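A.B. asks:
Number of protein chains: 2
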Amino acid sequence: MDLPDLPEAEHQNVRFADGFVLDCGTTLPELTVAYRTYGTLDAARANAVLVCHALTGDQYVAEPSPVTGKEGWWTQVVGPGRPVDTDRYFVICANVLGGCMGSTGPRSLRPDGSRWGTDFPPVTIRDMVRAQKRLVEHLGIERLFAVIGGSMGGMQVLEWASTYPDALFAAVPIAAASHHSAQNIAFHEVGRQAIFADPEYHGGRYHEHGTIPARGLAVARMAAHITYLSEEALARKFGRRLQNGGLSIFGDMFQVESYLRHQGSTFVRRFDANSYLTITRAMDYFDLAADHGDDLAAAFAGTKARFCVVSFSSDWLFPTRESRALVRALNRAAANVSFVEIPTDKGHDAFLLDEPDFHRTLAGFLAGCAERAGIVR
Amino acid sequence: MDLPDLPEAEHQNVRFADGFVLDCGTTLPELTVAYRTYGTLDAARANAVLVCHALTGDQYVAEPSPVTGKEGWWTQVVGPGRPVDTDRYFVICANVLGGCMGSTGPRSLRPDGSRWGTDFPPVTIRDMVRAQKRLVEHLGIERLFAVIGGSMGGMQVLEWASTYPDALFAAVPIAAASHHSAQNIAFHEVGRQAIFADPEYHGGRYHEHGTIPARGLAVARMAAHITYLSEEALARKFGRRLQNGGLSIFGDMFQVESYLRHQGSTFVRRFDANSYLTITRAMDYFDLAADHGDDLAAAFAGTKARFCVVSFSSDWLFPTRESRALVRALNRAAANVSFVEIPTDKGHDAFLLDEPDFHRTLAGFLAGCAERAGIVR
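Residue numbers (my numbering), protein chains in the order written: chain A, 1 to 377; chain B, 378 to 754.
1) I want to verify the contact list: residues of chain B whose CB lies under 9 Å from the CB of His292(A), in sequence order.
2) CA-CA distance, Thr409(B) and Pro483(B)?
3) Beta-carbon of Asp379(B) versus every beta-carbon of chain A: anything under 8 Å?
4) Which residues does DSSP list as the beta-bridge partners of Ser258(A)?
5) Give, in chain order, every unbroken run of the beta strand (DSSP E) that is at least 3 residues long and sits entirely within the segment 138 to 225 of chain A.
6) From the DSSP output, read off the bridge partner residues of Glu718(B).
7) Would DSSP call Ile375(A) helix, strand or coil?
8) Around the Cβ of Thr27(A), are there at least 16 other Cβ atoms within 10 angstroms (buried) or fewer (exposed)?
9) Rounded C-beta distance between Val309(A) and Pro173(A)? I'm assuming under 8 Å.
10) Just the Cα atoms here: how many angstroms apart are Phe742(B) and Glu748(B)?
11) Can you name the residues of chain A whose CB is closer than 8 Å to the CB of Arg503(B)?
12) If you run the structure through DSSP and keep just helix, strand and coil, what is Tyr285(A)?
13) So, for Val77(A): in the same chain, excluding its five sequence neighbours on each side, which residues have a beta-carbon less than 6 Å away from its beta-carbon?
14) Classify Asp671(B) as buried or exposed, calling it buried when 16 or more other Cβ atoms lie within 10 Å of its own Cβ.
15) Given a cut-off of 8 Å on the beta-carbon distance, is the pair Tyr228(A) and Gly347(A) in contact?
16) What residues of chain B sit near Ile226(A), judged by a beta carbon separation below 8 Å?
17) Could one say the Cβ of Gly203(A) lies closer than 8 Å to chain B's Cβ atoms, at least one of them?
18) For His179(A), return the contacting residues in chain B, with the cut-off set at a CB-CB distance below 8 Å.
19) Under 8 Å between C-beta atoms, does Phe631(B) make it to chain A?
20) Looking at the structure shown, is Asp18(A) part of a helix, part of a strand, or coil, going by DSSP?
21) For a minimum of 4 consecutive residues, which ranges assigned as the alpha helix (DSSP H) are wholly contained in the segment 464 to 523 of chain B?
22) Tell me whether the beta-carbon of His53(A) lies closer than 8 Å to the beta-carbon of Val96(A).
23) Looking at C-alpha atoms only, which residue of Asp400(B), Thr501(B) and Phe397(B) is the closest neighbour of Ile656(B)?
24) What residue does the alpha helix (DSSP H) around Val704(B) start on, and which one ends it?
25) Below 8 Å between beta carbons: does that hold for Ile603(B) and Glu257(A)?
26) At a cut of 8 Å, does the segment 53 to 64 of chain A reach the segment 326 to 340 of chain A through at least three beta carbon pairs?
27) State the Cα-Cα distance for the pair Thr344(A) and Phe318(A), rounded to the nearest angstrom.
28) Just how far apart, CA to CA, sit Phe677(B) and Ala235(A)?
29) Alpha carbon to alpha carbon, how far is His188(A) from Asp284(A)?
30) Can you name, in chain order, every residue of its own chain whose Cβ lies under 6 Å from the Cβ of Glu519(B), other than the five neighbours on each side?
31) Starting from the C-beta of Asp357(A), find all residues in its chain whose C-beta is less than 6 Å away, skip the five residues before and the five after it, and write them out in chain order.
32) Tell me the DSSP bridge mates of Thr414(B)?
33) Mind checking which residues open and close the alpha helix (DSSP H) that includes Leu673(B)?
34) Return the CA-CA distance between Gly446(B) and Gln243(A), expressed in angstroms with no decimal places.
35) By the criterion of Cβ-Cβ separation under 7 Å, what are the contact partners of Glu608(B) in chain A?
Right, here's the structure in full:
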């Protein structure tokens with residue numbers, strides 16, 4: 001597949017030119033954070049909600065993406081009258097550090113005008129969160145009302161509560177875990193190897209060759225996508241149905257194959273392979289307990305946030321037992337925590353889908369916290 | 378990765394030159410079945426056990442493979458004093474039709490001396506079983522004492538019982554199912570796309586280019602390998618341990634990554650990519666109920682075999698519920714069936730590993746059947 005590079009789009013952003021020191025020790029000469037906001041910041045600057053996006057998400061939470069033209073990825077959750085009600089809250093979402101939607105990442109230009117590409121330094125979930133903190137401060141907000149996110153977004157929520165224990169009133173980690181499991185790492189590694197195997201990857205310098213490793217990235221996306229769904233969801237959506245009807249001898253394609261290929265081929269039109277490598281690596285290395293002497297409770301010592309931990313019953317990528325382990329650690333840290341497992345057959349992706357139980361849970365938790373925080377409607 | 382083609386090895390075989398009509402309608406001008414036997418056929422020709430291998434298995438059940446030099450893949454199960462006791466039974470194992478260890482498959486030569494390659498016709502699990510039947514008849518055996526196999530081997534066991542209801546006394550489908558699920562198909566499709574994406578695949582004509590699609594095949598193997606293990610097994614074996622100690626900032630590799638890469642790179646030295654495509658397709662299309670008017674019980678109408686259905690508690694590729702569905706269908710068909718779920722954390726691969734409970738179950742079932750069948754020790 002010979003595809004040109006991703007379209008360059010203008011993204012709203014803020015640029016910090018004073019240098020940004022990463023966990024790896026490298027200093028980025030400048031930090032750009034691309035972001036979107038929805039709603040109005042109240043006079044007390046107390047109603048700000050930070051939404052953290054997942055691996056392949058972006059800042060276009062509640063409006064069409066300028067790259068794909070598709071509607072925002074969380075319009076069912078964020079908007080007027082939605083659980084994260086933009087009539088009530090000021091919602092912020094930033095493209096993560098290392099991403100490819102306008103924030104500093106492998107696609108960004110270095111001071112000498114060349115692209116970072118594979119020279120882009122490794123980043124951590126904490127680096128992503130520290131970049132978001134810069135944005136939040138830039139917006140004049142000292143303390144967020146809430147930080148919310150699913151999957152890798154949930155990892156960021158946990159890191160926020162750990163790194164900035166005073167800077168958020170409420171924390172909602174959804175379909176997340178305190179670390180990436182061996183199986184999760186394994187699936188990411190398959191995707192990375194698929195990208196490396198693509199000759200169009202050119203050792204990461206595909207920009208210089210005017211191409212992208214589209215086939216490898218598509219395979220990576222396909223492998224990952226299976227993990228986002230449950231077996232039940234796949235069986236319900238596709239079963240063993242063939243694309244073109246009639247069981248001929250292998251002439252036809254199963255619907256699930258066609259679906260996966262579509263997932264792969266559309267993904268490469270919107271996502272950068274080096275960003276994919278950078279961000280999957282950040283997720284793999286996320287391990288809050290390891291960062292705190294192998295004591296997860298210590299990661300949350302002193303946090304003042306109220307937690308609502310959410311898991312989905314059929315999520316096998318970030319299973320409920322990981323959320324329970326998180327809740328136990330938060331309890332040991334004497335944090336204020338509630339936990340809800342949403343019964344669903346939709347798998348990990350349930351946090352992005354129509355799940356009324358989840359939406360009611362989120363709306364209720366935020367409303368209760370808003371009352372306690374004295375946020376005026 | 379620029380690797381030469383697989384080493385050619387001489388495999389014991391039988392050649393049927395009278396043509397072999399496949400389910401797809403194509404006639405193979407000749408059928409070669411490569412096989413190995415262990416033990417001695419008794420005078421009544423009543424003690425033969427056919428072992429069916431899985432996707433990437435071969436006929437070298439209980440002796441070193443001439444290609445890899447590694448010990449047989451089921452030495453814990455097949456051998457003197459083992460559950461499938463070669464002092465008692467005459468054990469046969471054939472490389473499947475479509476395979477790459479000597480049986481007719483994509484690597485085989487056509488009458489004109491060229492390799493089949495991608496022109497090799499699609500084969501079904503039933504075609505594989507019909508090829509085995511030719512071998513069994515060639516060996517002078519009218520009725521097998523038992524047919525045993527795990528994973529795709531289990532699919533063959535079911536097909537044997539369905540297609541030849543009088544030709545086996547006992548059937549042991551292990552970690553199997555009556556059809557491939559949407560999730561299973563999806564994982565296979567990821568592997569196929571990884572192979573197709575490798576430029577060394579050359580549209581399947583890699584033999585002509587003196588190369589093999591090693592990177593693509595390795596990625597396919599890595600993705601598949603994750604599905605053979607349980608999350609618990611991965612966590613126990615590797616957890617989040619790093620290969621070279623000390624948590625540097627992403628300089629180190631997780632052990633699980635190193636392990637997967639090793640799995641991928643050794644696999645391509647012993648397996649043919651076109652065989653992988655052919656056999657995964659055969660598995661995907663396996664659906665015994667669909668072949669019998671969507672009634673799984675009808676598939677087993679008239680079978681005289683005694684069944685022992687075995688599943689493993691942590692197998693998420695062929696989960697226990699699939700075995701239970703099989704047992705229910707066998708019950709509806711008034712078949713003689715017992716069912717055992719082996720508690721283990723080793724996942725799908727448990728059937729290949731040290732699982733004393735499984736081995737005792739198998740030994741006991743066979744011994745009981747041998748007594749009923751009047752097989753003299």
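Just so it is clear, CB atoms sit at the ideal spot from N, CA and C, and this is done for glycine as well.
Model, not experiment: these values are computed from the prediction.
C.D. replies: Taking the definition as stated:
1) Here the question's residue 292(A) lines up with position 292 in the first sequence. Going along chain B, no residue has its Cβ under 9 Å from His292(A), so there is no contact; the nearest lies around 13 Å.
2) Locating residue 409(B) in the second sequence gives position 32, where the first residue counts as 1. Locating residue 483(B) in the second sequence gives position 106, where the first residue counts as 1. Straight-line Cα distance between these residues: approximately 12 Å.
3) Walking along the second sequence from the start, residue 379(B) turns up at place 2. Because Asp379(B) sits at a pLDDT of 44, beneath the cut-off of 50, its placement in the model cannot be relied upon, and the following sentence gives the value as read from the coordinates. With respect to chain A, the C-beta atom of Asp379(B) has no partner C-beta closer than 8 Å.
4) Here residue 258(A) corresponds to residue number 258 of the first sequence, with the count starting at 1. None; Ser258(A) has no bridge partner.
5) 144 to 150 and 168 to 174
6) Here residue 718(B) refers to the residue found at position 341 when the second sequence is read from its first residue. Per DSSP, Ser688(B).
7) As a working note, residue 375(A) is residue 375 in the first sequence. Note: Ile375(A) maps to coil in three-state DSSP.
8) By 1-based counting over the first sequence, the position of residue 27(A) is 27. By the neighbour-count rule (16 or more Cβ atoms within 10 Å), Thr27(A) is not buried but exposed.
9) The residue you call residue 309(A) lines up with position 309 of the first sequence. The residue you call residue 173(A) lines up with position 173 of the first sequence. Val309(A) to Pro173(A), Cβ: 6 Å. Contact.
10) For this step, residue 742(B) is matched to residue 365 along the second sequence. For this step, residue 748(B) is matched to residue 371 along the second sequence. If I take the Cα positions, the gap works out to 10 Å.
11) Position 126 of the second sequence, counting from 1, holds the residue named residue 503(B). One finds nothing in chain A with a Cβ atom closer than 8 Å to the Cβ of Arg503(B); even the nearest lies about 11 Å away.
12) Here residue 285(A) is taken as the residue at index 285 of the first sequence, counted from 1. Helix at Tyr285(A).
13) As a working note, residue 77(A) is residue 77 in the first sequence. Sequence-distant Cβ neighbours of Val77(A) in its own chain, meaning closer than 6 Å and more than five residues away, are Pro83 and Val84.
14) As a working mapping, residue 671(B) is identified with position 294 in the second sequence. So Asp671(B) counts as exposed.
15) Here the question's residue 228(A) lines up with position 228 in the first sequence. Here the question's residue 347(A) lines up with position 347 in the first sequence. Yes, the Cβ-Cβ distance between Tyr228(A) and Gly347(A) is below 8 Å.
16) Taking the first sequence and counting its residues from 1, one reaches residue 226(A) at position 226. Going along chain B in sequence order, the residues near Ile226(A) (Cβ under 8 Å) are Gln560, Ala563, Phe564 and Val567.
17) Counting from 1 along the first sequence, the entry for residue 203(A) is found at position 203. It does not; no Cβ of chain B falls within 8 Å.
18) As a first step, residue 179(A) must be located in the first sequence, where it is residue number 179. By Cβ distance, chain B contributes Arg617.
19) Taking the second sequence and counting its residues from 1, the one referred to as residue 631(B) is at position 254. True, the Cβ-Cβ gap to chain A drops below 8 Å.
20) Working through the first sequence from its first residue, we reach residue 18(A) at position 18. Note: Asp18(A) maps to coil in three-state DSSP.
21) Those alpha helix (DSSP H) runs which fall completely within the segment 464 to 523 of chain B and span 4+ residues are 502 to 515.
22) For the purposes of this step, residue 53(A) is identified with residue 53 of the first sequence, where counting begins at 1. For the purposes of this step, residue 96(A) is identified with residue 96 of the first sequence, where counting begins at 1. Their beta carbons are under 8 Å apart, which means His53(A) touches Val96(A) by this criterion.
23) By 1-based counting over the second sequence, the position of residue 656(B) is 279. Per the Cα distances, Thr501(B).
24) On the second sequence, position 327 is the one that residue 704(B) refers to. Run containing Val704(B): Thr697 to Arg709, per the alpha helix (DSSP H) assignment.
25) Position 226 of the second sequence holds residue 603(B). Position 257 of the first sequence holds residue 257(A). In this structure, Glu257(A) does not lie closer than 8 Å to Ile603(B) by Cβ.
26) no
27) Sequence index remark: in the first sequence, residue 344(A) carries index 344 (1-based). Sequence index remark: in the first sequence, residue 318(A) carries index 318 (1-based). If you draw a straight line from the Cα of Thr344(A) to the Cα of Phe318(A), it comes to about 14 Å.
28) Here the question's residue 677(B) lines up with position 300 in the second sequence. Here the question's residue 235(A) lines up with position 235 in the first sequence. Computed Cα separation, rounded: 24 Å.
29) Within the first sequence, numbered from 1, the residue matching residue 188(A) stands at position 188. Within the first sequence, numbered from 1, the residue matching residue 284(A) stands at position 284. Taking the straight line from one Cα to the other gives about 8 Å.
30) In the second sequence, counting from the first residue as 1, residue 519(B) sits at position 142. If we look at Glu519(B) and ignore the five residues flanking it on each side, it has no Cβ neighbours.
31) Counting from one through the first sequence, the residue named residue 357(A) turns up at place 357. Around Asp357(A): Ile342.
32) The residue labelled residue 414(B) in the question sits at position 37 within the second sequence. Paired residues: Ile469(B).
33) What you label residue 673(B) is simply residue 296 of the second sequence in a count that begins at 1. Element bounds for Leu673(B): Leu673 to Ala676.
34) To locate residue 446(B), count along the second sequence from 1; it is residue 69. To locate residue 243(A), count along the first sequence from 1; it is residue 243. If I take the Cα positions, the gap works out to 43 Å.
35) Residue 608(B) sits at position 231 when you count from the first residue of the second sequence. Simply Ser181 and Gln183.
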